[in-house]
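Protein chains in written order, with full-length UniProt numbering: chain A, 1 to 528; chain B, 1 to 327. A virtual CB, placed ideally from N, CA and C, is assigned to each residue, including glycine. Read the structure below first, then the notes.
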Amino acid sequence: MAVSRRGLMATAAALPFLMRAEEALAQGVQPKRGGTLTTIVNPEPPVLHIGINNQGPTLIVAGKMFQGLLRYDAKLQPMPELAKSWEISPDGLEYTFRLQENVKFHDGQPMTAEDVVFSIMKFHMELSPRARGVFGRIKEGIAVDANTVKFVLSAPFEPFLLMFDVTVSAIVPKHLFDGQDYRQAPAVAKPVGTGPFRFAEWQRGNFIRLERFDDYWKPNQPYLDAIIYRVVPDSQSRRLALESGQVMMTQSNDIEPFDVPQLRARPNFEVKTEGWEYFGPLMWVEFNHRVKPLDDVRVRRALTMAVNRDFIAQRLWFGIGKPATGPFHSATRFYDGSAKTPGYDLNAAKALLDEAGLKPNGQGVRFTIRHMSLPYGEVFTRLAEFLRQSFRQVGVDLQLESVDVGTWSQRTANWDFDTTINYLYQYGDPTLGVERSYVSTNIKKILFSNVSGYANPKVDELFTKGRDAADPAVRQEAFSEVQKLLVSDVPLLWLMEMAFPTIYDKKLHNVITSGAGVHASFDDVFLA
Amino acid sequence: MELSRFPAYLAGRLVKAAVVVLAIVVCNFFLIHAAPGDPASIIAGQSGSADARFLEQLRAQFGLDQPLYMQLWLYLKGVLTLDLGFSHRQQASVAALLWDRLPATLLLTGAAFLFAIAIGVTMGALAARRVGTWSDSVITVLALTFYATPLFWVGLMLVLLFSVTLEWLPSFGMMSVGVELSRIGRVLDIGKHLLLPALTLGLFYVAVYARLTRATMLEVADQDFVKTARAKGVPEGRILRRHVLRNAMLPVITFAGIQAGQLIGGSILVETVFAWPGIGRLAFEALLARDYQVLMGVFFCTSVMVVLFNLITDLLYAVVDPRVEVS
């Protein structure tokens with residue numbers, strides 16, 4: 001078959017991330033051995049073992065020492081990592097993974113199918129709520145031979161293949177954990193994985209040093225000799241460290257959004273906001289539906305229309321992130337752009353509030369509610385102030401409460417708030433990361449459950465249908481409908497699809513090559 | 001000082017000190033537990049997902065499923081045997097965590113302490129000697145400026161000047177990481193990193209000591225025994241050193257005692273701005289993460305130090321000023 005030029009271009013367009021990975025090569029820059037990457041980690045992780053702790057900074061650092069079976073491109077398509085190939089049986093029940101050969105753990109022991117079965121069926125099942133939710137559906141995990149693993153599900157589960165990234169199911173050494181209390185095992189303090197970098201040194205409060213693993217399974221990789229994560233707690237100091245060249249890269253929340261434009265303007269820095277597609281973080285205003293008048297859909301819609309989401313994305317986050325269109329992040333599978341949450345319209349908002357019987361008093365105030373700002377940095381304080389201004393325009397008085405992380409976590413979990421800000425990862429699939437915020441069966445006094453208290457039987461039914469259907473077309477249908485329903489019920493005020501800037505010296509190559517960005521193993525990152 | 005009464009005095013003071021420390025431990029325990037949120041809910045919040053079992057597991061592991069009085073009892077029992085407990089969050093013993101941070105903390109606070117006393121007392125003495133002249137005015141204005149300027153701002157300005165504009169000194173951290181250095185090279189490297197944070201932290205205290213020294217020296221200089229000394233024909237420099245300064249030292253020692261008690265606690269602000277791996281930051285982060293054991297460990301050590309330095313200060317009075325008797 002002759003490949004037309006048009007066909008080639010279509011392929012290229014479909015694979016933007018593979019192209020990006022090869023970008024350095026295309027520019028004629030050859031990967032080069034050697035060099036140390038000094039970067040920042042913030043906040044400092046409490047422990048460095050994946051699974052034992054799954055906080056963002058831990059995942060970024062531990063992602064260099066551990067690997068999953070798969071990784072994912074920006075379109076969430078699986079790519080090989082510790083699994084070189086995989087098959088799904090036609091009934092959607094059996095998943096067979098063939099493992100790379102000659103993979104060694106940092107202690108020299110070979111990585112085999114036994115380690116994979118142990119990691120999935122025991123280690124993460126025991127430790128991680130997120131893994132538990134999905135891996136509980138595995139009826140049987142079998143090490144067919146040293147290099148083949150088979151998982152048999154009790155019922156088809158279409159998003160199953162999204163669960164094998166290092167950030168959710170890293171492969172850990174069975175011989176160092178089996179039969180012990182995983183949290184107290186000696187290996188927790190000295191992580192042993194299969195990744196391109198091994199644990200070298202951690203001076204708490206100061207730095208973490210990872211060094212090249214010479215027996216890494218990809219020949220001649222990794223290119224870097226070492227990666228050093230410096231612990232720098234102050235955001236202005238982090239910015240200075242980057243500007244003065246004391247570190248070469250920052251990521252995640254390291255740099256406040258309002259500092260990004262100046263850094264963008266510098267010719268020696270690359271600023272990328274890609275690499276968060278696998279997580280799909282969506283930010284919203286959480287409404288507590290138990291608090292009047294937030295139980296009234298007209299009020300929630302009016303408040304939605306009082307907020308200029310473009311302003312938030314452009315002026316508070318300086319273009320890092322996009323205005324949300326509804327309950328799904330646009331990178332999440334089954335996103336339906338046709339279901340749109342109402343836009344900025346002050347007059348319509350006022351009319352709706354009038355209709356709800358909430359007339360302004362002498363001071364022009366219709367009602368007063370509290371707002372607990374999210375204690376994750378300066379930008380969220382600014383967001384809270386912006387929301388107060390916005391709501392004031394339609395006669396709603398927002399009283400701001402400043403809290404620390406502990407207070408925020410407890411009060412949000414205990415439904416002790418009127419409104420607050422929250423952002424959740426959607427993990428690529430509505431069943432994995434969206435459903436939990438809306439279904440009534442998940443109204444619990446636990447963070448990241450349905451703390452707003454929203455309940456709609458039809459929504460429950462559609463999420464169940466979407467979860468259980470094996471056929472993507474059926475799932476699409478259910479999720480399109482759920483998006484329409486949610487947009488009309490406005491259970492939450494969706495604000496922004498978040499992203500986080502990765503800023504690095506242009507001498508560094510191949511930094512963002514997947515939908516998980518800086519969480520990747522960095523086995524292909526090099527300095528040139 | 002009557003030497004025979006000294007052991008009894010010391011024993012009495014030590015018993016009182018122990019009671020005070022114990023009371024502080026108990027107060028801290030309840031204060032910390034009164035703050036909303038617990039370590040498990042915070043870890044859940046930072047992990048981005050949680051279920052009931054996850055929280056239960058963590059709370060059981062952290063010992064938070066026990067009744068409060070039981071937790072207090074276990075902690076007190078530990079403290080009495082000098083066991084400060086275990087941070088489950090960080091999977092390390094509190095003693096080890098504190099011990100790790102101690103050298104960096106003492107280096108920073110100690111350097112700032114010595115710098116502050118040396119420069120502060122000198123400045124104060126100079127100003128007092130030339131009271132009313134322009135050099136006195138310069139010193140007084142400088143001291144007032146240091147005293148009134150927020151620490152973090154001084155820190156940031158020093159960084160802007162010495163790290164960003166002049167590129168002489170590193171802006172953060174305690175040492176260069178990932179470079180091979182000789183022993184001397186390492187010492188110099190740490191010294192370079194130490195300069196800005198120690199200066200930032202020290203400047204405030206320089207101001208305090210300068211003002212204190214100047215004020216008390218002027219007060220003492222008016223007293224009869226100084227006039228007598230002068231009338232006897234003692235040289236001015238000697239009067240200043242032997243008669244005025246020595247008598248003016250009491251308030252300075254009092255304040256130095258207070259500051260010395262805080263040496264081990266480090267400084268949250270300066271450690272944060274300069275990413276200095278000290279105990280102040282450890283405590284602050286433990287507070288945010290509700291890492292109870294670590295926080296109580298820091299409080300325990302600092303309260304012991306404060307009580308201890310109070311005692312040492314009292315003893316020092318007697319050495320500096322023979323009129324003060326230990327009793």
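Within 10 Å of its beta-carbon, does residue i have 16 or more other beta-carbons around it, so buried, or fewer, so exposed?
i: A/Ala26; result: With a pLDDT of only 49 at A/Ala26, under the threshold of 50, the placement of this residue in the model should not be trusted, and no figure is reported.
i: B/Ala148; result: exposed
i: B/Val19; result: exposed
i: B/Cys301; result: buried
i: residue 549 of chain A; result: Absent from the model: residue 549 of chain A. The displayed extent of chain A is 1 to 528, so no value can be given.
i: B/Val187; result: exposed
i: A/Asn347; result: exposed
i: B/Asp65; result: exposed
i: residue 337 of chain B; result: Residue 337 of chain B is absent from the structure shown; chain B starts at 1 and stops at 327.
i: A/Gln262; result: exposed
i: B/Leu14; result: exposed
i: A/Pro196; result: buried
i: A/Glu140; result: exposed
i: B/Phe274; result: buried
i: B/Val26; result: exposed
i: B/Met157; result: exposed
i: residue 529 of chain A; result: Nothing in the structure corresponds to residue 529 of chain A, since chain A is present only between 1 and 528.
i: B/Leu7; result: Reading off the sequence, residue 7 of chain B comes out as Pro, not Leu. Classification of B/Pro7: exposed, given that the 10 Å Cβ count is below 16.
i: B/Glu271; result: buried
i: A/Ala395; result: This sequence places Gly at residue 395 of chain A; Ala is not what is there. Its Cβ being crowded by 16 or more others within 10 Å, A/Gly395 is buried.
i: A/Arg333; result: buried
i: B/Trp276; result: buried
i: B/Gly45; result: buried
i: A/Glu497; result: buried
Quick check on residue i: does DSSP put it in helix, strand or coil?
i: A/Met121; result: helix
i: A/Gly517; result: helix
i: A/Gln100; result: coil
i: B/Arg89; result: coil
i: A/Met19; result: Unreliable positioning characterises A/Met19 in this predicted model, as indicated by a pLDDT of 42, which lies under 50. A coordinate reading is not provided.
i: residue 584 of chain A; result: Because chain A spans 1 through 528 in this model, residue 584 of chain A falls outside it and cannot be assessed.
i: A/Asp310; result: helix
i: B/Asp65; result: coil
i: A/Gly7; result: Caution applies to A/Gly7, whose pLDDT of 34 falls short of 50 and renders its modelled position unreliable; the value that the coordinates give is listed next. It is helical.
i: A/Leu282; result: strand
i: A/Trp494; result: strand
i: A/Gln503; result: With the sequence shown as reference, residue 503 of chain A is identified as Ile, and Gln is not the correct amino acid for it. In the structure shown, A/Ile503 sits in a strand (DSSP, three-state: E or B).
i: A/Glu126; result: helix
i: B/Glu271; result: helix
i: A/Thr332; result: coil
i: A/Ile443; result: coil
i: B/Leu201; result: helix
i: B/Arg238; result: helix
i: A/Tyr344; result: coil
i: B/Ile184; result: helix
On the premise that residue j lies in contact with residue i, defined as a C-beta separation below 8 angstroms, what is that separation, rounded to the nearest angstrom?
i: A/Leu400; j: A/Arg388; result: 6 angstroms
i: B/Ile253; j: B/Tyr317; result: 7 angstroms
i: B/Gly124; j: B/Thr213; result: 3 angstroms
i: B/Gly37; j: B/Phe115; result: In fact, because the Cβ distance is near 39 angstroms, the residues do not count as touching under 8 angstroms.
i: A/Tyr425; j: A/Leu486; result: That pair is no contact at about 18 angstroms.
i: A/Lys174; j: A/Phe118; result: 4 angstroms
When DSSP builds the beta bridges, which residues end up paired with residue i?
i: A/Val141; result: Checking the sequence, you will find Gly at residue 141 of chain A rather than Val. DSSP output for A/Gly141 lists A/Phe151 as bridge partner(s).
i: A/Arg370; result: A/Gln399
i: B/Phe309; result: The partner list for B/Phe309 (beta bridge, DSSP) is empty, contrary to what the question assumes.
i: A/His509; result: A/Phe526
i: A/Tyr95; result: A/Ile88, A/Phe151
i: A/Pro323; result: A/Met496
i: A/Phe287; result: A/Thr419
* Fully enclosed by the segment 27-87 of chain A, which beta strand (DSSP E) runs are 3 residues long or longer? -> 36-41, 70-72, 78-80
* Length at least 3, wholly inside the segment 375-431 of chain A: the beta strand (DSSP E) runs in chain order -> 396-401, 419-424
* Asked: Taking the runs of the beta strand (DSSP E) that are 3 residues or longer, which of them lie wholly in the segment 185-272 of chain A?
  -> 197-203, 207-212, 226-231, 269-272
* To do: Could you tell me which uninterrupted alpha helix (DSSP H) segments, each at least 4 residues in length, are contained entirely in the segment 102-172 of chain B, listed from first to last along the chain?
  => 134-148, 151-159
* alpha helix (DSSP H) runs contained entirely in the segment 11-61 of chain B, provided each spans 4 or more residues -> 39-47
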